[in-house]
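Here's the structure we're looking at; comments come further down.
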Amino acid sequence: MDIRAERLAAGMSQSELARAAQVSQPNLSAYENGRRTPSPEVLDRIGQALAGRPSVRVEHHHEDIRARVAQFRATRPRLVGSVARGEDHHGSDVDVLVDFTDEATLLDEVGLRLALRDLLQVEVDVIADDSLHGAMRDRLLREAVAV
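Numbering (the UniProt record's numbering), first residue to last: 1 to 147.
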């Protein structure tokens, strides 16, 4: 587990995570920097403290999400699925509906998915708006929530 990346994705400060995991802040800093290795028990407490809903991570990173979407030749990021409905839980993925520009390629779609996964530290599905049809399109567009 990359503790620092997970902590940043969760939008927590070192102090907040240290308190939640019942670990001293200097020790947490040492774990993040690789100067110390946490015991399995401490690592489990840190993991439990970080185990939140993906929607919370999305809330902390709206601007970063929009920047990544633009970087990979897409526009209009919208959340669909459990995160959009407020039904997400620890372990849920994040479904992002976007409009890709005419210049976008498959590499942009894959790159965006990986960039968002790295940012949020949860699995992400990227759905191109123009790939949807029929009832599925109607349902997703009804539940879509702008980022």
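C-beta: ideal position from N, C-alpha, C; glycine also.
Quick caveat, the model's predicted, so the values are computed rather than measured.
- Message: Please classify Ala10 as buried or exposed, where buried requires at least 16 other C-beta atoms within 10 Å of its C-beta.
- Response: The sequence position of residue 10 within the sequence shown is 10, counting from 1. Ala10 comes out buried.
- Endpoints, the beta strand (DSSP E) within which Asp99 is located: Walking along the sequence shown from the start, residue 99 turns up at place 99. Counting along the chain, the beta strand (DSSP E) containing Asp99 begins and ends at Val94 to Phe100.
- Item | Option nearest Gln48 by Cα separation, candidates Arg36, Met1, Arg142 and Phe72 | Within the sequence shown, numbered from 1, the residue matching residue 48 stands at position 48. Among Arg36, Met1, Arg142 and Phe72, the Cα nearest to that of Gln48 is on Met1.
- Boundaries (first-last residue) of the alpha helix (DSSP H) holding Val56: Reading the sequence shown from its first residue, position 56 is the one you call residue 56. That run of the alpha helix (DSSP H) goes Pro54 to His60.
- Query: Are Arg57 and Gln14 close, meaning C-beta to C-beta below 8 Å?
  - Reply: Residue 57 sits at position 57 when you count from the first residue of the sequence shown. Residue 14 sits at position 14 when you count from the first residue of the sequence shown. At the C-beta level, Arg57 and Gln14 stay beyond 8 Å of one another.
- Cut-off 8 Å between Cβ atoms - residues of its own chain near Arg85, not counting five sequence neighbours on either side: Numbered from its first residue, the sequence shown carries residue 85 at position 85. Cβ neighbours of Arg85 beyond the five flanking positions: Glu143.
- Might you give, ordered along the chain, the residues of its own chain that have their beta carbon closer than 7 Å to the beta carbon of Arg73, omitting 5 neighbours on each side? By one-based count along the sequence shown, residue 73 stands at place 73. If the five residues before and after Arg73 are omitted, its C-beta is found closer than 7 Å to the C-beta atoms of Phe100, Thr101, Glu103, Ala104 and Asp108, all from its own chain and listed in chain order.
- Closest to Val98 by CA distance: which of Ala20, Leu112, Glu16 and Pro54 is it? Here residue 98 refers to the residue found at position 98 when the sequence shown is read from its first residue. Checking every option, the nearest Cα to that of Val98 belongs to Leu112.
- Message: Please give me, in chain order, every unbroken run of the alpha helix (DSSP H) with length at least 4 that falls completely inside the stretch 71-95.
- Response: Fully enclosed alpha helix (DSSP H) runs of 4 or longer: 82-85.
- Message: Does Gly34 pass the burial test, meaning 16 or more other C-beta atoms within 10 Å, or should it be called exposed?
- Response: Mapped onto the sequence shown, residue 34 falls at position 34. Only exposed fits Gly34, as fewer than 16 other CB atoms lie within 10 angstroms of its CB.
- Message: Rounding to the nearest angstrom, what Cα-Cα distance links Pro38 and Asp138 in this structure?
- Response: On the sequence shown, position 38 is the one that residue 38 refers to. On the sequence shown, position 138 is the one that residue 138 refers to. Taking the straight line from one Cα to the other gives about 48 Å.
- Item | For residue 162, the first and last residue of its enclosing alpha helix (DSSP H) | No statement about residue 162 is possible, as the shown extent of the chain runs from 1 to 147 and does not include it.
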